[in-house]
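Accompanying notes for the structure given below.
In UniProt numbering, the protein residues as written are 1 to 457.
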């Protein structure tokens with residue numbers, strides 16, 4: 001943390017004045033988090049007591065929220081009032097469009113823990129979800145928390161909101177999303193009328209020394225199907241490694257949660273894999289200068305593969321990886337190496353500037369890789385379209401538009417063929433995110449669904 005000696009920005013001034021006016025005490029330290037979403041960490045001295053706070057702002061330009069930030073604040077406030085372990089909410093900052101909460105100690109992963117300690121944290125987490133799901137709905141309804149028009153639609157509100165926001169800003173053809181969204185509409189989840197408060201984007205937590213501290217990031221929280229909260233962690237597990245999901249589901253049921261409806265969980269999982277593409281693709285097509293382009297592109301690339309793999313699992317088909325082209329360096333290869341080396345070796349003290357340099361470094365490596373294999377990948381993608389379309393589009397833009405129209409007209413007749421085609425396309429494009437062997441091009445597969453005891457939901 002950097003000690004605040006003077007307010008060097010309008011945002012800093014707003015945060016300091018609000019905290020000192022509304023909460024009392026004196027701000028002793030303030031730091032903006034080094035990431036794409038505006039967030040500030042604030043230390044406050046109140047009569048000798050240190051208060052650690054987080055000020056959470058809206059997403060950046062071009063990345064709209066699915067629910068208003070005030071809705072998130074209200075949902076988290078009710079959760080805390082009902083005894084769920086989330087950070088306490090202190091209030092809303094009008095001038096900044098942000099809200100203030102306690103800073104949850106601990107870390108968002110299991111680094112340094114044994115498997116047994118990790119399992120203990122996850123047992124506690126599943127029990128906390130079960131407690132949340134069994135809370136009365138009235139306090140959430142009174143706070144204005146959104147729910148589907150009928151209980152039968154409780155499993156679709158979150159995805160409906162994601163799709164509405166994406167379509168409102170859609171700025172280019174997106175055949176993958178149209179294909180996956182069309183499949184989900186033809187194969188809707190049956191929530192069997194289940195309704196509870198859900199965080200939706202579940203699997204985000206802080207633990208300290210093997211003890212669950214808090215559930216975090218409830219921006220998509222609403223009243224919906226509790227099975228969604230059992231589905232979302234499956235994708236996040238590829239990075240965090242939560243453990244065997246059948247065992248986690250048993251812990252959830254043992255703690256008093258709803259009987260696990262594995263069919264609904266699988267359909268929710270397929271839907272959730274689309275959330276990054278829905279949230280970030282419009283911004284990627286027209287990014288603002290301060291966006292974290294490569295993080296958003298990496299998220300979309302990885303989770304789009306999860307989507308196709310999840311659909312293939314549901315359809316019971318095997319997927320075959322394409323052959324990737326060899327690098328063919330362009331005339332700019334030397335300049336690319338120079339730029340990458342310059343960005344890699346630039347040293348700065350400020351955390352946020354260091355973060356922005358990292359963004360630029362990853363962007364430069366992506367452009368380098370595109371110059372090496374981009375043309376070959378475009379040709380392979382266009383060749384792949386001939387059996388479906390009956391002709392070869394002129395370029396990737398025409399190819400995307402033609403494939404999207406084919407998907408919209410097809411209405412499920414070529415689901416298996418399209419699933420295989422999108423898998424090949426996605427693996428090719430993932431290869432452009434960085435050099436072979438880099439973290440940006442690595443792909444981590446979700447745990448498969450295995451047989452789970454069928455119980456009466």
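Glycine included, every Cβ here is placed at the ideal spot set by N, Cα and C.
Nearest residue (CA-CA) to residue i, options the options
i	options	result
residue 30	21, 41, 37, 22	41
residue 336	434, 365, 52	365
residue 522	211, 273, 78	With the chain covering only 1 through 457, there is no way to say anything about residue 522.
residue 252	121, 440, 435	121
residue 435	157, 327, 181	327
residue 255	224, 64, 43, 123	123
residue 261	193, 222, 302	193
residue 389	9, 368, 414, 47	414
residue 311	300, 362, 179	179
residue 244	215, 185, 116	116
residue 177	306, 113, 74, 441	306
residue 315	229, 183, 288	183
residue 440	205, 239, 233	239
residue 129	430, 216, 376, 386	216
residue 211	63, 85, 44	85
residue 195	391, 186, 140	140
residue 294	88, 46, 345, 357	357
residue 458	105, 125, 27, 162	Lying outside 1 to 457, the shown extent of the chain, residue 458 is not represented and no answer is given.
residue 118	424, 241, 292	241
residue 9	106, 96, 150	96
residue 46	135, 26, 424	26
residue 231	247, 432, 112, 264	264
residue 22	37, 39, 38, 44	44
residue 88	209, 135, 214	214
residue 508	292, 167, 175	Outside the shown range of the chain, which is 1 to 457, sits residue 508, and nothing can be said about it.
residue 407	343, 175, 391, 94	175
Where residue i falls: helix, strand or coil (DSSP)
i	result
residue 206	strand
residue 323	coil
residue 196	strand
residue 306	helix
residue 168	helix
residue 242	coil
residue 163	helix
residue 182	helix
residue 20	helix
residue 360	helix
residue 148	coil
residue 31	strand
residue 257	coil
residue 229	helix
residue 337	helix
residue 353	helix
residue 13	helix
residue 220	coil
residue 345	helix
residue 369	helix
residue 8	Confidence is the limiting factor: at residue 8 the pLDDT is only 45, short of 50, which leaves the residue's position unreliable, though a coordinate-based value still follows. Residue 8: coil per DSSP, three-state reduction.
residue 153	helix
residue 56	strand
residue 47	coil
residue 236	helix
residue 314	helix
residue 37	coil
Distance CB(residue i)-CB(residue j) smaller than 8 Å
i	j	result
residue 16	residue 100	no
residue 404	residue 173	yes
residue 155	residue 199	no
residue 309	residue 319	yes
residue 157	residue 143	no
residue 300	residue 284	yes
residue 103	residue 69	no
residue 59	residue 51	no
residue 227	residue 272	no
residue 108	residue 33	no
residue 341	residue 207	no
residue 138	residue 222	no
residue 202	residue 233	yes
residue 412	residue 186	yes
residue 133	residue 24	no
residue 246	residue 452	yes
residue 370	residue 329	no
residue 355	residue 160	no
- Runs of beta strand (DSSP E) wholly within the region 62-143 (minimum 3 residues, chain order): Qualifying beta strand (DSSP E) stretches, in chain order: 89-93, 98-102.
- Evaluate contact between the region 443-450 and the region 375-390, counting only Cβ atoms and requiring at least three cross-stretch pairs below 8 Å. The region 443-450, when compared against the region 375-390, does not touch it at the 8 Å Cβ threshold.
- Please list the segments of the alpha helix (DSSP H) lying wholly inside the region 375-455, counting only runs of 4 or more residues, in order along the chain. Taken in chain order, the complete alpha helix (DSSP H) segments of 4 residues or longer contained in the region 375-455 are 396-410, 415-430.
- Task: Determine, using beta-carbon pairs with one atom in the region 270-286 and one in the region 341-356, whether at least three such pairs fall under 8 Å.
- Result: Contact between the region 270-286 and the region 341-356 is not established, with fewer than three Cβ pairs separated by less than 8 Å.
- Let me know the alpha helix (DSSP H) ranges lying completely inside the region 262-312, each 4 residues or longer, listed in chain order. Within the region 262-312, complete alpha helix (DSSP H) segments of at least 4 residues are found at 262-272, 275-285, given in chain order.
- Three or more C-beta pairs closer than 8 Å, one from the region 370-377 and one from the region 418-436: is that the case here? Contact annotation: the region 370-377 touches the region 418-436, with at least three C-beta pairs closer than 8 Å.
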